[in-house]
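> My structure is below; once you've seen it, I'll send some questions.
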Amino acid sequence: MIGRLLHTLNLVLLTLILSVVLVVAGLYFWLSQDLPQLPNNLQHINLSLPTEIYSSDGERIKILGERHPIVLEDISPFFTKAIIAVEDSRFYRHSGIDHRGLVRALWTNLSQKRIAQGGSTITQQLSKNLFFSFERNWVRKIKELLIAFQLEATFNKDQILQAYCNQIYFGSGAYGVEEAAQVYFRKRAKDLTLLQAALLAGLPNSPNNANPFSHYEKAMKRTEYVLNRMVREHLITTDEKELSLQSNIDLVNPRVDSDPNLYFVDQVLEQIERDYGKEFVHFGGLKILTTLDSHYQKLAFKSARNHLEALEGKIVKEPGAAPLQAALVAIENKSGAVRAMLGGRDYSYSQFNRAVSNNRLPGSSFKPFVYFTAMEELGYSPATVVVDEPLTLDIPGTEPWSPQNFDEEFAGKIILKKALMKSINIISAKLLNEVGPEKVIRTARQFGIKSPLGKNLSLALGTSGLSPYEMASAYSVIANLGIYNEPYLIQHIEDFQGNRLYEHYYQGVQQFLPDSLFPLLNMMQGVIDEGTGKVVRRMGFHHPAGGKTGTTNDFKDAWFNAFTKDISASVWVGFDNNEPMRVKPGKGLTGASAAAPIWVFFMQKVLEGKSPVKFPVPDKIKFATVDAQTGYLANEFSLETLEVAVKEGVDLSAPPVLPKNPEPDETGLLPDPVGGPMNPKKSKKRNVVPDP
Amino acid sequence: MKFNGVRKSWHVAAGLIVLTAVLSLEFYTNLFEKSVGYYLKWQNHKRPQLGRMWERDRQSLVAQAKIKSIRSSLDLQEETALGISSFKHLFEGLSPGFPLVVSREKFLQLYYDFPGPWSEQIISSYDLIEMDSTKNWDRVFLKRFGPWITLQFIDRQNIPIHELFLSVDTLFEVQATRTVKRGTLEDSNFTTNRIFPISEFLPVLKSLDAATQKAVFPEPRWFLGKNYYVTRVGISDVPAEQPAQHLLLGVEYDTDYYTGVLLIPVAMELANNMMSQIEKADLSDPTSNEIPPSSGESP
Chain W
1 MIGRLLHTLN LVLLTLILSV VLVVAGLYFW LSQDLPQLPN NLQHINLSLP TEIYSSDGER
61 IKILGERHPI VLEDISPFFT KAIIAVEDSR FYRHSGIDHR GLVRALWTNL SQKRIAQGGS
121 TITQQLSKNL FFSFERNWVR KIKELLIAFQ LEATFNKDQI LQAYCNQIYF GSGAYGVEEA
181 AQVYFRKRAK DLTLLQAALL AGLPNSPNNA NPFSHYEKAM KRTEYVLNRM VREHLITTDE
241 KELSLQSNID LVNPRVDSDP NLYFVDQVLE QIERDYGKEF VHFGGLKILT TLDSHYQKLA
301 FKSARNHLEA LEGKIVKEPG AAPLQAALVA IENKSGAVRA MLGGRDYSYS QFNRAVSNNR
361 LPGSSFKPFV YFTAMEELGY SPATVVVDEP LTLDIPGTEP WSPQNFDEEF AGKIILKKAL
421 MKSINIISAK LLNEVGPEKV IRTARQFGIK SPLGKNLSLA LGTSGLSPYE MASAYSVIAN
481 LGIYNEPYLI QHIEDFQGNR LYEHYYQGVQ QFLPDSLFPL LNMMQGVIDE GTGKVVRRMG
541 FHHPAGGKTG TTNDFKDAWF NAFTKDISAS VWVGFDNNEP MRVKPGKGLT GASAAAPIWV
601 FFMQKVLEGK SPVKFPVPDK IKFATVDAQT GYLANEFSLE TLEVAVKEGV DLSAPPVLPK
661 NPEPDETGLL PDPVGGPMNP KKSKKRNVVP DP
Chain S
1001 MKFNGVRKSW HVAAGLIVLT AVLSLEFYTN LFEKSVGYYL KWQNHKRPQL GRMWERDRQS
1061 LVAQAKIKSI RSSLDLQEET ALGISSFKHL FEGLSPGFPL VVSREKFLQL YYDFPGPWSE
1121 QIISSYDLIE MDSTKNWDRV FLKRFGPWIT LQFIDRQNIP IHELFLSVDT LFEVQATRTV
1181 KRGTLEDSNF TTNRIFPISE FLPVLKSLDA ATQKAVFPEP RWFLGKNYYV TRVGISDVPA
1241 EQPAQHLLLG VEYDTDYYTG VLLIPVAMEL ANNMMSQIEK ADLSDPTSNE IPPSSGESP
């Protein structure tokens, strides 16, 4: 009976061994094509060079693919002991697989009917980290095991442990123990205390759940568990454990993930990836010098944050609604260099770059392009008289369009400069109707606007979406008196040896003549000095500047785009879901109240300590004070006067006063009445009143 | 029967002993893992480079290849720029959309290498000194845009210190004031009776005022610095194509490898004047270097 039992047992065991051998052989031949080759040296697995991104003022704003591989001697022995105790206590005794651990894991998995426990040794984990995906399945597990066997056969234990310590993920973006020590304790891995080492050793198992920055209690529980494991494995004494638990862990503050530079960095990376490929930037070990001024960027962030916080307290908002957002772009006029780019109020909350990718309706801030086209095409000047009155425009195939003014009032006869200063919608609609949307679109393209623009009359009121990046660039053409510099983000790119691989060269194009553009610039100065943007002056900004506010229907978007001699900046404020920014029924945030203060806070700090710089006046420009209603040179009877800048050839003098009953001249026609409607085509160089 | 039973038991016991030995061996020496590990190590080179690590390696290689290709392209551009031998080549090499960058040193070399005062028309040498005084001038960025050529004198950060625009027409027009050709004066259609040894021409040249000297003859450094040995000069008997009312003065020189001619358009009146003076000198005293002052007569 016993003999039979032994015989059966013998057969079973033999069959088992044979099965294992056959299964392993079969698996090997099945998987051999998918098994990866091992490198000759584990020290080289971390050698891809990091790419560094710098601001124009020399601050390193981002490192990509940063690794800090170190040798085992540079790692605190507390850490190596702790990681062995908690991850693989029989590390120095097995050859890639821990029999006991495996049986334990098998039992757990079979009893739970799922892969609940890995039972992976350090070698297996390294094998997985180096070659395999993180999905849990048996085939991947077997491959991982086979490679673990090979790792053990090829490298010694210290080499494996060192590679493991340099590879594993510790949460908070830290790969490798050196970086983890920096992230959590701002110290070198060799200087870790027992408690700190135990905390780090507990992280690879659950880098997010036991992350001390977000789950401090859990992290400390895990640390205690690691210390207990160390005691059980006789790696430390109970006294040492107790002593360390009483010590201070000295956890530092987490790195700020809401770094506002990251909106700009994302844009830089996108551009390089598009031009040169992903590998080039992430594995090239490059040094990228950008145009960003980190000081400006901080100011942009602070200005937006402070003002948005103030606005949040005023606006009516649904509970739990998304926060109010802002975007800001500042461009250096003479070069096109983007000096600041804020894509949102908090990068950690939302990485969507509203400065570039968010095309929102610009509202009235598009009007300067309409006015400029009218002045160029119809021979109008800032002193040309137009009539602000109810208007209905027939649009073939649709309902007639009746644009409304923001204040729903009409100013009557008014000169162009005043109309722009007051941002009168009717006048903008009239001008676009006269000149045609195609010509306005063509002008906008010359200003560098690339977004699609609707070929319709409502374009006059800024109904085609634009980004702050485009607006800042287009406004810089005005500040530059017609020279368009393509905005750019990258100054140069160097390889790791310092050889320049890419350089930006200034390539300004004179799109418009200075004397054509200066009248518009002067009109936009009027907007800030006495128009819808006068909040800028009220807030104490004294530098010469020109700009334009913009507010869209229902207060959904608030814009302020403006420039000084050197910098053009565009600010947008609004909700991501296009909700109105209402303060109370019928009232809401406008470009002047929501966006302009951010512009002022930002520019005031940017220009702090700098002397005001006037815009250069082209040779063929003359200044004159005109009557704001007739557009003729002001006299003692003028009720309201305004200084305008016009081209030299523009005649601003009033025609002689006519007798009460004028007689026909020799042509048989009556002379034009003063200030009366005139054919604009006939009077290129005179003040004209367009036929409504 | 009994014997069979004993033999069976012995087999079982032996089997168990072997099994125990194998299991013990595995337990204490990890024989199985080591065997598989060493077998895989032996087969390592036959297996493909798959997985995350190799992928990273491959991407790194792709990046390095890209960097190498960019660098060789830039090196080629730099070599091309270094190989430019004259302003003529520099400007002719410019095409719209393909800007060119030359170093400060190269620009100065070309600037002073032009056989005539034409470079001064691009930018005055005093302006160059002024620009250089800030020690910022690093390179010159040239680009062609329609009929215009833009020259930006840039600093190390590529910020323009000085910018100027030249019309392509003007450039080519002025460049025509100095033409270099391979061959002798005869090859350039100069007639024998209007060709003179340099020794006969130089006294006449010396007699001219400084401005006229510059207009008709390059700085002697141009020949001396290049080891060009000036041998003869000739004055053409047919008007030059550009500009009008000009004759060509040809200066023949020998180099170590070939003979070349520098052609300079000279106002017809001046050319004839020089011609008459040379002939007069020939008639009066062929050995004398003394040239009588110009009579001021037109031939």
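Taken in sequence, the protein lines are chains W and S. Counted the way the numbering used here counts, the first sequence spans residues 1 to 692. Counted the way the numbering used here counts, the second sequence spans residues 1001 to 1299. Beta carbons: idealized from backbone N, C-alpha and C, even for Gly.
Compute the Euclidean distance between the alpha carbons of isoleucine 63 of chain W and valine 338 of chain W, then round it to the nearest angstrom.
Going from the Cα of isoleucine 63 of chain W to the Cα of valine 338 of chain W covers about 20 Å.
> Using 10 angstroms around the beta-carbon of alanine 1021 of chain S, count the other beta-carbons present and answer buried if the total reaches 16, otherwise exposed.
Exposed is the call here.
> Going along chain W in order, which residues have a C-beta closer than 8 Å to the C-beta of proline 1048 of chain S?
In chain order: Gln33, Pro36, Gln37.
> Locate the beta strand (DSSP E) running through aspartate 1155 of chain S, then write down its first and last residues.
Counting along the chain, aspartate 1155 of chain S falls outside any beta strand (DSSP E), and DSSP gives it neither H nor E.
> Since asparagine 561 of chain W sits in a beta bridge, which residues does DSSP pair it with?
Looking at the DSSP assignment, asparagine 561 of chain W forms a beta bridge with W:Lys548, W:Ser570.
> Compare the C-alpha of phenylalanine 447 of chain W against each of W:Asn480, W:Glu434, W:Gly436 and name the closest.
Nearest option by C-alpha distance: W:Asn480.
> In angstroms, rounded to a whole number, what distance separates the CA positions of aspartate 619 of chain W and lysine 548 of chain W?
Those two C-alpha atoms are separated by around 25 Å.
> Would you mind telling me which residues of chain S sit closer than 9 Å to glutamate 503 of chain W, beta carbon to beta carbon, in chain order?
Per Cβ cutoff of 9 Å: Val1101, Asn1158.
> Measuring only between beta-carbons, confirm whether glycine 1037 of chain S sits less than 8 Å from chain W.
It does: the Cβ of glycine 1037 of chain S has a partner Cβ on chain W nearer than 8 Å.
> Could you give the first and the last residue of the continuous beta strand (DSSP E) run that contains glycine 993 of chain S?
Because chain S is modelled from 1001 through 1299, residue 993 of chain S falls outside the range shown and cannot be assessed.
> Following the continuous alpha helix (DSSP H) through serine 473 of chain W, name the residue where it begins and the one where it ends.
That run of the alpha helix (DSSP H) goes 468-479.
> Quick one: list the residues of chain S neighbouring tyrosine 506 of chain W, beta-carbon separation under 9 Å, in chain order.
Going along chain S in sequence order, the residues near tyrosine 506 of chain W (Cβ under 9 Å) are Phe1141, Gln1152, Ile1154, Asn1158, Ile1159, Pro1160, Glu1163.
> Kindly indicate the opening and closing residues of the beta strand (DSSP E) around glutamate 494 of chain W.
Where glutamate 494 of chain W is concerned, the enclosing beta strand (DSSP E) stretches over 490-494.
> Who are the neighbours of serine 95 of chain W on chain A, taking C-beta pairs under 7 Å?
In the displayed structure, chain A is absent; the protein chains listed are W and S.
> According to DSSP, simplified to helix, strand and coil, what is phenylalanine 264 of chain W?
Three-state DSSP puts phenylalanine 264 of chain W in a helix.
> Can a CB atom of chain W be found closer than 8 Å to the CB of isoleucine 1070 of chain S?
Yes, isoleucine 1070 of chain S lies at the interface with chain W (some Cβ there is under 8 Å from its Cβ).
> Would you call the region 278-290 of chain W and the region 349-366 of chain W touching, i.e. three or more CB-CB distances under 8 Å?
Taking 8 Å as the limit for Cβ pairs, the verdict is that the region 349-366 of chain W does not touch the region 278-290 of chain W.
> Here's a check: name, in chain order, each residue in its chain whose Cβ is nearer than 8 Å to the Cβ of glutamate 666 of chain W, leaving out the five neighbours to either side.
For glutamate 666 of chain W, the predicted model reports a pLDDT of 46, less than 50, meaning its position is unreliable; a value from the coordinates is still stated below. Excluding residues within five positions, none has a Cβ falling inside 8 Å.
> Can you tell me which of the three DSSP states glutamine 507 of chain W falls into?
Three-state DSSP puts glutamine 507 of chain W in coil, outside helix and strand.
> Which ranges does the alpha helix (DSSP H) cover as unbroken runs of at least 4 residues, wholly within the region 30-88 of chain W, from first to last along the chain?
With a minimum length of 4 residues, the continuous alpha helix (DSSP H) runs that stay inside the region 30-88 of chain W are 77-87.
> Would you please state the rounded distance, in angstroms, between the beta carbons of tryptophan 559 of chain W and serine 365 of chain W? I believe it to be under 8 Å.
Going by Cβ atoms, the distance from tryptophan 559 of chain W to serine 365 of chain W rounds to 5 Å, so yes, they are a contact pair.
> What in chain W is Cβ-close to glycine 1051 of chain S, meaning under 7 Å?
Within chain W, the residues near glycine 1051 of chain S are Pro36, Leu130, Phe131, Phe132.
> Return the CA-CA distance between proline 514 of chain W and proline 597 of chain W, expressed in angstroms with no decimal places.
For proline 514 of chain W and proline 597 of chain W, the distance between alpha carbons rounds to 30 Å.
> For the region 537-566 of chain W, which residues have a beta carbon sitting closer than 8 Å to at least one beta carbon of chain S?
Of all residues in the region 537-566 of chain W, none has a Cβ within less than 8 Å of some Cβ in chain S.
> What residue ranges within the region 169-252 of chain W form continuous alpha helix (DSSP H) runs of no fewer than 4 residues, ordered along the chain?
Counting only runs of 4 or more, we get 177-185, 194-201, 216-232, 238-246.
> Around the Cβ of histidine 234 of chain W, are there at least 16 other Cβ atoms within 10 angstroms (buried) or fewer (exposed)?
Looking at its Cβ environment, which holds fewer than 16 other Cβ atoms inside 10 Å, histidine 234 of chain W is exposed.
> Would you call the CB atoms of valine 387 of chain W and glycine 412 of chain W closer than 8 Å?
Yes, the Cβ-Cβ distance between valine 387 of chain W and glycine 412 of chain W is below 8 Å.
> Tell me which residues share the same chain as tryptophan 1010 of chain S and place their Cβ nearer than 8 Å to its Cβ, disregarding the 5 neighbours each side in the sequence.
Counting only Cβ-Cβ distances below 8 Å, and skipping sequence neighbours, we find nothing.
> What residues are listed by DSSP as bridge partners for serine 1024 of chain S?
According to DSSP, which records beta bridges pairwise, serine 1024 of chain S is partnered with nothing at all.
> What residues from the region 583-609 of chain W come within 8 Å of chain S, judged by C-beta to C-beta, listed N to C?
Hits within the stretch: zero.
> Going along the chain, which residues of its own chain have a beta-carbon closer than 7 Å to the beta-carbon of phenylalanine 132 of chain W, five neighbours each way excluded?
Answer for phenylalanine 132 of chain W: Arg140, Lys143, Glu144, listed in chain order.
> Can glycine 1116 of chain S and arginine 1178 of chain S be called in contact, C-beta distance under 8 Å?
Yes, Cβ-Cβ distance for glycine 1116 of chain S and arginine 1178 of chain S is below 8 Å.
> Using the beta-carbon of each residue, which ones in chain S are nearer than 8 Å to glutamate 279 of chain W?
Residues of chain S passing the Cβ test: Gln1059, Ser1060, Val1062, Ala1063, Lys1066.
> Between valine 1012 of chain S and chain W, is any beta-carbon pair separated by less than 8 Å?
It does; some Cβ of chain W falls within 8 Å.
> Starting from aspartate 576 of chain W, trace the beta strand (DSSP E) both ways and give me its first and last residue.
Segment: none, aspartate 576 of chain W is in no beta strand (DSSP E) and carries neither H nor E.
> Go ahead and label tryptophan 30 of chain W buried or exposed: buried means 16 or more other beta carbons lie within 10 angstroms of its beta carbon, across all protein chains shown.
So tryptophan 30 of chain W counts as exposed.
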